[in-house]
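Visitor:
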Amino acid sequence: MPIMRRKNLSEGGTPAKFLIIDDGWQDTVNEFQKDGEPFIEGSQFGGRLISIKENNKFRAIGNVTENGAPVSLKDFVSEIKSTFGLNSKQSAITRASDDYYPKNTTTQSLHIAAVAFNSIFLGEIVVPDWDMFYSLHDAAEFHAAARAVGGCGVYVSDKPGQHDFNVLKKLVLPDGSVLRARYPIKVLQCEVFTVSPIKVYNQTIQFAPIGLTNMYNSGGAVEAVEFSDSSESKIHIRGRGEGEFGAYSNFRPKSCSVNSEDLEFKFREEDKLFAVTIPAKTTSWDITICY
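Numbering (my numbering), first residue to last: 6 to 296.
#1: Classify Leu217 as helix, strand or coil using the three-state DSSP reduction.
#2: What are the boundary residues of the beta strand (DSSP E) that includes Arg152?
#3: Taking His164 as the reference, which of His142, Thr99 and Asp80 has the closest Cα?
#4: Can you list the beta strand (DSSP E) stretches of 3 or more residues lying completely in the region 84 to 147, in chain order?
#5: Measure from the alpha carbon of Val205 to the alpha carbon of each residue in Ala150, Val230, Asp136 and Lys286, then state which is nearest.
#6: When DSSP labels each residue in this structure, what does Gly17 get in the three-state scheme?
#7: Would you call the region 259 to 274 and the region 166 to 181 in contact, with 3 or more CB pairs under 8 Å?
#8: Short of 8 Å in beta carbon distance, which residues of its chain neighbour Asp307, apart from the five on each side in sequence? Order them along the chain.
#9: Since Ala186 and Pro202 are thought to touch, with beta carbons under 8 Å apart, how far apart are those beta carbons, to the nearest angstrom?
#10: Which partner residues of Cys295 appear in the DSSP bridge assignment?
#11: At the level of alpha carbons, what is the spacing between Tyr253 and Ser87?
#12: If we ignore side chains and look at the alpha-carbon of each, how far apart do Asp134 and Pro20 end up?
#13: Which of helix, strand or coil does DSSP assign to Gln31?
#14: Here's the rule I'm using: 16 or more other beta-carbon atoms within 10 Å means buried, otherwise exposed. How should Pro284 be labelled?
#15: Assuming Ser172 is part of the alpha helix (DSSP H), what are its boundary residues?
#16: Alpha carbon to alpha carbon, what distance is there between Gly158 and Glu249?
#17: Along the beta strand (DSSP E) that carries Ser233, what are the first and last residues, could you check?
#18: Between the C-alpha atoms of Gln31 and Asn109, what's the straight-line distance to the nearest angstrom?
#19: Within 7 Å of any Cβ in chain D, is that where the Cβ of Glu84 sits?
#20: How many angstroms separate the CA atom of Met220 from the CA atom of Lys174?
#21: Report the rounded CA-to-CA distance for Ile85 versus Gly181, giving the unit in angstroms.
#22: Compute the Euclidean distance between the alpha carbons of Ile210 and Lys22, then round it to the nearest angstrom.
#23: Are there 16 or more other CB atoms within 10 angstroms of the CB of Gly244, so buried, or fewer, so exposed?
#24: Would you decide whether Gly155 is buried or exposed? Buried here means 16 or more other CB atoms lie within 10 Å of its CB.
#25: If you count every other CB in all the chains shown that lies within 10 Å of the CB of Gly246, and 16 or more means buried, which is it?
#26: Taking C-alpha atoms, which residue in Asp291, Pro189 and Arg257 lies nearest to Phe122?
#27: Any idea what DSSP makes of Ser162, helix, strand or coil?
#28: Taking the alpha carbon of Ser289 as the point to measure from, which residue in Leu217, Ala151 and Ile130 has its own alpha carbon closest?
In structure tokens form, the structure reads like this:
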């Protein structure tokens, strides 16, 4: 099953960086009961528990086999710690909300609101965790957009073969990395409708990179913007990912190149939108726009 899930995601263009196997604990409800019926006596959680025993894989039944292989999970963990120096990892990631409940339609917006508000405080000391979500769900785009700007890792709990790659491809690059926001959600220093500041170069050129317009966090693709004031004014934008790169420019550029290769670009005069397509399978790029 894990191999199938990784294969599904890779074939869809959004390979997973790591995999967690869900034990299905959220589905341990009494499905035999009808809505509105009271709990049957003895069916409450733990009500029919007879005994508790340590699972076989944790029991000390001999440390190793004849060929030296650990015989239990407990011995295996001890072995990799002593042999390879592996130990517990410290992490700054901390949950900032209640669990994600895909079957409860009333908690979708509450989940996002809770993490957003909690991140204002927790984001100053930890990396807030927004929990997983389903990509094939009525609220999938809502959750995906929130993860894109949350400054958190992105992970889904899809069943194998049940994915919406139209959603995932706006979050995950073909190499499996994501365009994370630089910081957790913070209180804005300006009103919410303020556009990213437009820089003025050479006293005449007004320019502002938007980023990869096919991604939820389009600006996360832009890593640096530089201006070279020579006989021919040039703006250099460095970033990563593939798709359409967009920017505001008050003038139509003379030419554009991506990784030193001249490419055709589009320019809409009515809204001053500059656009160029980053070729497929391009992991990092340097765009040079000449005026």
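Built from N, CA and C at the ideal position, the CB exists for glycine as well. Predicted model, so just to flag it, every value in this text is computed and none were measured.
Guide: The short version:
#1: strand
#2: From DSSP, Arg152 is part of no beta strand (DSSP E) but of the alpha helix (DSSP H) over Ala145 to Val154.
#3: Per the sequence shown, residue 164 should be read as Lys rather than His. Among His142, Thr99 and Asp80, the Cα nearest to that of Lys164 is on His142.
#4: 98 to 100 and 132 to 134
#5: Val230
#6: coil
#7: no
#8: Any question about residue 307 goes unanswered here, given that the chain covers just 6 to 296.
#9: About 17 Å separates the two Cβ atoms, so there is no contact after all.
#10: Lys239 and Ser260
#11: 56 Å
#12: 21 Å
#13: Only weak support is given to the placement of Gln31: the predicted model assigns it a pLDDT of 49, under 50, and the question is left unresolved by the model.
#14: exposed
#15: In the sequence on display, residue 172 carries Val and not Ser. Segment Phe170 to Leu173, the alpha helix (DSSP H) holding Val172.
#16: 24 Å
#17: Val227 to Ser233
#18: Because Gln31 sits at a pLDDT of 49, beneath the cut-off of 50, its placement in the model cannot be relied upon, and the following sentence gives the value as read from the coordinates. Computed Cα separation, rounded: 12 Å.
#19: Of the protein chains in the structure, only one exists, and it is not chain D.
#20: 7 Å
#21: 27 Å
#22: 41 Å
#23: buried
#24: buried
#25: buried
#26: Pro189
#27: coil
#28: Leu217
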